[in-house]
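Let me begin by presenting the structure, written as structure tokens, before commenting on it.
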Amino acid sequence: MSQAGTKVMTAHVPLPLAEKVDRMAERLERSRGWIMKQALSAWLDQQAERERLTREAMAEVETGRFIDHAAVLAWADSLDTDTPLPVPR
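In this note's numbering, the protein residues as written are 169 to 257.
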């Protein structure tokens, strides 16, 4: 297998985590490196999505598109009553 276009990265991980990686690699019949690439790629995608959603939410706040915290609390508190409030909008 060619190593062109790759970079070796080293990380110290707790032994229990390393053992989980080894068990997963064995179970999937894949290399430890393959498991680590999959995990790192998924984590980076998750962080990018979290950042995108945060930027989107902040833009909505700046334009005044949000629900007042007190209204949400009042609604949540009303859910245990016989007459719950409508969902705040």
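Even glycine gets a Cβ: it sits at the ideal position worked out from N, Cα and C.
Being a predicted model, the structure only gives us computed values, none of them experimental.
Remark: three or more beta-carbon pairs, one from each stretch, lie closer than 8 Å, so the stretch 200-210 and the stretch 182-191 are flagged as touching. In the three-state reduction of the DSSP assignment, Glu197 falls in the coil class, being assigned neither a helical nor a strand state.
Here Leu247 carries a coil assignment [DSSP, helix/strand/coil]. Relative to Lys175, the option among Leu212, Leu253, Phe234 and Lys205 whose CA is nearest is Lys205.
Val240 is positioned such that its CB atom lies no closer than 9 Å to that of Pro252.
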